[in-house]
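Only one structure is covered here, and it is reproduced in the block below.
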Amino acid sequence: MLGRFVGTVFGVLTIAVMTRALGAEGYGHFTLAFTFLAVAGAIVDFGFTLTTTQMISEEDADESRIVSSAMTVRIVSGIVLFGLAALVGAFMPYDPIVRATIAVGAFSFFFMTLSQMFIGVFQKHLSMWRPATAEAVSRGIILILIVVLATTQVSVPHMMGAFAVGNALMALINILFARSFTRIRLTWHHKTIVTFISRSWPIAATIFFNLLYLKGDIVFMSFYRSSEEIGLYGAAYKVLDVISVVPTMFMGLILPMLVLAWTTKRRQELHALLQQAFDLFAIISLPILGGTFIVAGPLMALAAGEEFRASGPYLMLLMLANTFVFFGILFSHAVVAINKQRAIIPAFVITAIVAVVLYLATIPSYGALGAAWTTIVSEAMIMCLTFWMVRRTAAFAPRFKSFGVGLLSACAMTALGFLYLQWVGNTNVWNLLVVVIGCAAFYGVSVVALGGVRLATLKSMLPRV
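According to my numbering, the residues represented by the sequence shown are 118 to 582, in order.
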């Protein structure tokens with residue numbers, strides 16, 4: 118938990134330095150290069166990260182053979198596909214700075230995807246402090262390098278190079294940590310790899326289509342809108358990326374337990390785990406949404422620089438999407454746990470098609486606002502469709518007591534925060550801190566007092582995180 122928190126803080130500080138050093142246009146170049154490589158990264162992943170967790174969590178699994186085979190495939194596919202991505206990027210109609218950043222970023226993404234390959238090992242052995250530590254060290258090194266570059270060599274490709282160094286270090290540390298639990302070596306076990314591919318391709322398809330509607334906004338904006346607007350939108354979207362780590366990390370931790378509960382036909386235990394996650398996500402996501410509506414602009418100015426105050430409206434909309442993201446991640450992981458990856462593919466295809474149509478219809482005229490509204494629609498769709506699959510297959514129906522308490526408390530918190538800011542008349546740093554801390558304290562007391570969450574339940578969840 119501490120390592121993850123430290124890594125997140127370092128990551129936020131890194132973005133704060135970058136946005137101030139590069140400005141909206143420069144950060145727009147970085148965002149476009151990052152998004153381009155993220156699409157390639159989804160293809161390289163091919164669902165192996167989730168499949169590895171699933172396979173090594175099964176009874177009598179040969180953990181060493183599975184992890185070693187997955188690592189070997191990841192290295193080979195990463196070299197080929199990221200090399201191809203750099204080559205394709207060189208011929209895209211982008212600014213030369215973006216093309217150079219893509220070439221450098223290919224190394225960064227290679228090491229990042231290699232590092233992610235071992236997450237399943239740590240999840241199985243409930244030792245997530247190890248990758249969290251690796252991430253914290255990596256992000257610390259990146260922050261130091263970015264600060265140095267910001268004062269000496271303000272260049273987007275150079276800054277991407279800092280990420281390559283940090284991600285290489287993270288991959289090395291995670292490999293060393295994973296060796297504490299299982300033997301890792303380069304190996305090509307044909308039967309295991311065939312099993313990987315047969316299980317992974319449905320996940321790979323869902324990840325690809327998921328990425329299409331998640332990152333398609335930046336891709337389409339690059340053809341119709343300015344780099345400055347991409348930078349403003351990208352900064353707001355980075356907040357969504359940071360926050361969405363929370364549900365992804367938590368569901369990754371309980372995925373082995375969900376798989377075991379499903380495969381051993383302990384449906385009541387499966388339902389209990391999903392309900393705990395549902396309650397936790399409601400309690401976390403709703404105050405984030407409410408708080409953003411009153412401090413979005415000042416928060417972006419504080420986090421990224423005064424130039425990014427204009428990102429406030431985008432952040433408001435993206436935090437509405439964030440609420441759907443939390444529950445979409447919950448039900449998407451549940452789909453993997455109940456082995457319905459193939460059956461859910463049409464849902465992701467339909468969502469991707471709708472998103473692309475909306476992007477093309479809204480981005481040319483409305484730019485980032487159209488992209489944000491499309492993100493809301495697509496995230497809501499995928500949340501509903503994945504829930505429908507889990508409901509139909511596992512007969513899970515969440516109870517809404519905690520959700521209702523969270524919603525009521527968040528509304529009251531938002532109203533109080535709004536009235537306070539109206540009373541003081543300005544949103545300087547101190548008033549912003551007062552309203553954030555005060556609202557968080559009020560919300561926490563309200564949720565516990567109204568019985569939305571029990572302290573004993575929170576204590577039982579914290580060791581998993």
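Where a beta carbon is used, it is the ideal one built from N, C-alpha and C, also for glycine.
State buried or exposed for residue i, treating a residue as buried only when at least 16 other CB atoms are found within 10 Å of its CB.
i: residue 315; result: exposed
i: residue 491; result: buried
i: residue 528; result: exposed
i: residue 393; result: buried
i: residue 146; result: buried
i: residue 470; result: exposed
i: residue 356; result: buried
i: residue 424; result: buried
i: residue 371; result: buried
i: residue 552; result: buried
i: residue 382; result: exposed
i: residue 277; result: buried
i: residue 514; result: exposed
i: residue 545; result: exposed
i: residue 335; result: buried
i: residue 308; result: exposed
Tell me, to the nearest whole angstrom, how far the beta carbon of residue i is from that of residue j; I am working on the premise that it is less than 8 Å.
i: residue 407; j: residue 530; result: 6 Å
i: residue 195; j: residue 156; result: At roughly 14 Å, the Cβ-Cβ gap does not stay under 8 Å, so residue 195 and residue 156 are not in contact.
i: residue 287; j: residue 249; result: Wrong, their Cβ atoms sit about 11 Å apart, outside the cutoff.
i: residue 232; j: residue 284; result: 7 Å
i: residue 507; j: residue 455; result: 7 Å
i: residue 139; j: residue 271; result: 7 Å
i: residue 569; j: residue 523; result: 6 Å
i: residue 376; j: residue 174; result: 5 Å
i: residue 237; j: residue 166; result: 7 Å
i: residue 317; j: residue 163; result: 5 Å
i: residue 313; j: residue 225; result: In fact, because the Cβ distance is near 25 Å, the residues do not count as touching under 8 Å.
i: residue 419; j: residue 549; result: 6 Å
i: residue 421; j: residue 214; result: Residue 421 to residue 214, Cβ: 20 Å. No contact.
Reducing DSSP to helix, strand and coil, say where residue i ends up.
i: residue 420; result: helix
i: residue 244; result: coil
i: residue 342; result: coil
i: residue 211; result: coil
i: residue 355; result: helix
i: residue 457; result: coil
i: residue 570; result: coil
i: residue 256; result: helix
i: residue 325; result: helix
i: residue 300; result: coil
i: residue 313; result: helix
i: residue 235; result: coil
i: residue 515; result: coil
i: residue 270; result: coil
i: residue 383; result: coil
Quick check on the DSSP output: the alpha helix (DSSP H) that includes residue i runs from which residue to which?
i: residue 518; result: 518-541
i: residue 492; result: 485-511
i: residue 194; result: 180-207
i: residue 440; result: 429-454
i: residue 171; result: 165-173
i: residue 304; result: Here residue 304 belongs to no alpha helix (DSSP H), and DSSP marks it neither H nor E.
i: residue 549; result: 546-566
i: residue 287; result: 273-295
i: residue 373; result: 362-380
* Are the region 324-331 and the region 190-204 in contact at 8 Å, needing three or more beta carbon pairs? -> Contact annotation: the region 324-331 does not touch the region 190-204, with fewer than three C-beta pairs closer than 8 Å.
* Asked: Pairing CB atoms from the region 296-315 with CB atoms from the region 444-455, are three or more of them under 8 Å?
  -> The answer is no - the region 444-455 does not touch the region 296-315, with fewer than three Cβ pairs under 8 Å.
* **Validate contact between the region 480-491 and the region 364-371 using beta carbons, cut 8 Å, 3 pairs** => Fewer than three pairs of CB atoms, one per stretch, sit closer than 8 Å, so the region 480-491 makes no contact with the region 364-371.
* **Validate contact between the region 430-445 and the region 340-356 using beta carbons, cut 8 Å, 3 pairs** => Contact between the region 430-445 and the region 340-356 is present, because at least three Cβ pairs lie under 8 Å.
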